[in-house]
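Contents: one structure, followed by commentary.
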Amino acid sequence: MRACAKKFGDGSAEDENLWGIVGLIHDFDYERWPSLEDHPYRGNEILKERGWPEVVRRAIMSHAEYSGVTRDTPMEKALFACDELAGFITAVALIKPGKSLAEVDAKSVRKRMKDKAFARKVNRDDIVNGAAALGVDLDEHIALCIVALQGIAGELGLDGSAAKTG
Ligand SMILES: [Fe+2]
Numbered sequence: 561m562r563a564c565a566k567k568f569g570d571g572s573a574e575d576e577n578l579w580g581i582v583g584l585i586h587d588f589d590y591e592r593w594p595s596l597e598d599h600p601y602r603g604n605e606i607l608k609e610r611g612w613p614e615v616v617r618r619a620i621m622s623h624a625e626y627s628g629v630t631r632d633t634p635m636e637k638a639l640f641a642c643d644e645l646a647g648f649i650t651a652v653a654l655i656k657p658g659k660s661l662a663e664v665d666a667k668s669v670r671k672r673m674k675d676k677a678f679a680r681k682v683n684r685d686d687i688v689n690g691a692a693a694l695g696v697d698l699d700e701h702i703a704l705c706i707v708a709l710q711g712i713a714g715e716l717g718l719d720g721s722a723a724k725t726g
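If you want the working numbering, it's the position in the sequence shown, counting the first as 1, plus 560.
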């Protein structure tokens, strides 16, 4: 989301932080309340109680297709365009020999997207439609997300060290 903010945001550090926070917390209620009735509604209530701004809560609500909250701003569109894709890129990294993001490129991601048996829970249409709504070429968007994740590969445990120790 920070990488997307640099490309689609207003260019300020404050804006980049905002996009980063939205990406970081958008699923915070999911582990406890994963059902369609609860997520992201429970999280939204908690954030509201704690005084989180509308801009954050609205973006989080909009990432759920079924919430009825439309994705209007670039940040809202980016959240949806990155959500499933980030998970999918992670899945592609994990099947590489070194289990690292350094081994992943846009071509390998596109190839795996055509493999219906691979990472079945990831909705390919969400990835394709998300990029289209953001107004970006799909390969370009995949490449941006890969590079962004590569930048924090260590924090994600996808820098290759897992393969060596495992
Ligand atoms: Fe979610």
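Heads up, the beta-carbon is just placed ideally off N, CA and C, and yes, glycines get one too.
Treat the numbers as computed from the prediction; the structure is a model and nothing was measured.
Judged by DSSP in its simplified three-state form, S660 adopts strand. With contacts defined as CB atoms closer than 8 Å, I649 and L709 qualify as a contacting pair.
The Cβ atoms of F588 and G571 do not sit closer than 8 Å to each other. Taking 8 Å as the cut-off, the beta carbon of V669 is found closer than this to the beta carbon of I702. Taking non-hydrogen atoms of ligand 1 into account, the C-beta of Y601 is found less than 7 Å away from none of them.
Looking at the DSSP output, D719 shares a beta bridge with S660.
With contacts defined as CB atoms closer than 8 Å, E576 and K566 qualify as a contacting pair.
Between the segment 610-619 and the segment 669-682 there are fewer than three C-beta pairs closer than 8 Å, too few to call the two in contact.
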